[in-house]
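Colleague: For the sequence shown, the residue numbers in this note's numbering are 123 to 290.
From the three backbone atoms N, C-alpha and C, an ideal C-beta is built for every residue, glycine too.
My questions all concern the structure below.
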Amino acid sequence: MKHAAPAKTNAARLLNSLGIIYELRAYEVDPEDLTALSVARKIGMPPEQVFKTLLSHTNDGQHLFAVIPGNSELDLKKLAHAAGAKKAELASLKDVEPLTGYIRGGVTVMGARKPFPAFADETIELFDVISVSAGLRGLQIILAPADYLRATEAMLADLTKAPTGEPR
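Structure below.
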């Protein structure tokens, strides 16, 4: 079964403008399961290479993006530390679209409505390619981590909680 060529997204336009090579990969969306684990299965990549983008805010009201592996959980203390803040919390779901221009399951740093600072988990550099949302549910961008970091100006940090039973 062939898919029609997906429409260019703001994220794809940004990558094009920077001369970055990437692949768009479409997948079937299940509104009941928007997890990165589900996306990873559908696009045939390991979950640790499929990065999810979470919008959060610090105690002083600054919004920021956290980009973490699909099989990990964000450690808000580590994010706050990376951002030089006392505390960080996830943004409320109702604030995500007005602030980023993207809906849950389609959030990406690239081409977001406002250029909030972005922090990417340091494991991003372990892979030849990673996958992130292209800004639409059902569409992922696959690219080299160095190109993603260049396009987003994301800072590297340890952002995830250790899996249960494993020291980090």
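Under the assumption that P239 contacts A205 (Cβ atoms under 8 Å), give the Cβ distance between them as a whole number of angstroms.
Modeller: Between A205 and P239 the Cβ distance is about 7 Å, and since that is below 8 Å, they are a contact.
Colleague: Give the DSSP-derived three-state secondary structure of S160 in the structure shown.
Modeller: Three-state DSSP puts S160 in a helix.
Colleague: Of the residues S253, D269, P267, L176, which one's Cα is nearest the Cα of R163?
Modeller: With distances taken between Cα atoms, R163 lies closest to S253.
Colleague: Select from L198, A158, L177, R259 the residue whose C-alpha is nearest the C-alpha of P168.
Modeller: P168 has its Cα closest to that of A158, out of L198, A158, L177, R259.
Colleague: Starting from L265, follow the beta strand (DSSP E) in both directions and report where the run begins and ends.
Modeller: Element bounds for L265: 261-265.
Colleague: In terms of alpha-carbon separation, which member of Q262, M232, G257, A256 lies closest to L271?
Modeller: The option with the nearest alpha carbon to L271 is M232.
Colleague: Excluding five sequence neighbours on each side, which residues of the same chain lie with their C-beta closer than 8 Å to the C-beta of I225?
Modeller: The answer, listed in chain order, is V218, E219, R259.
Colleague: Starting from the Cα of A268, find the closest Cα among T222, G257, L248 and give me that residue.
Modeller: Nearest C-alpha to A268: L248.
Colleague: Could you check the C-alpha separation between V229 and F187 for me, to the nearest Å?
Modeller: Their Cα atoms are separated by approximately 10 Å.
Colleague: Thinking H185 and L177 are a contact (beta carbons under 8 Å), I'd like their distance in whole angstroms, please.
Modeller: Indeed, because the Cβ distance is near 6 Å, the residues count as touching under 8 Å.
Colleague: I need the straight-line Cα distance from V189 to H203, nearest angstrom please.
Modeller: Their backbone Cα atoms lie some 15 Å apart in a straight line.
Colleague: Roughly how many angstroms separate the alpha carbons of S194 and G141, rounded to a whole number?
Modeller: Rounded to the nearest angstrom, the two C-alpha atoms are 30 Å apart.
Colleague: Could you tell me which whole alpha helix (DSSP H) segments of length 4 or greater appear in the stretch 204-230?
Modeller: Here the runs fully enclosed are 215-222.
Colleague: Using only the alpha-carbon positions, how far apart do R147 and E244 sit?
Modeller: Cα-Cα distance, rounded: 24 Å.
Colleague: Just the C-alpha distance for L156 and V172, rounded to the nearest angstrom, thanks.
Modeller: The straight-line gap from Cα to Cα measures roughly 13 Å.
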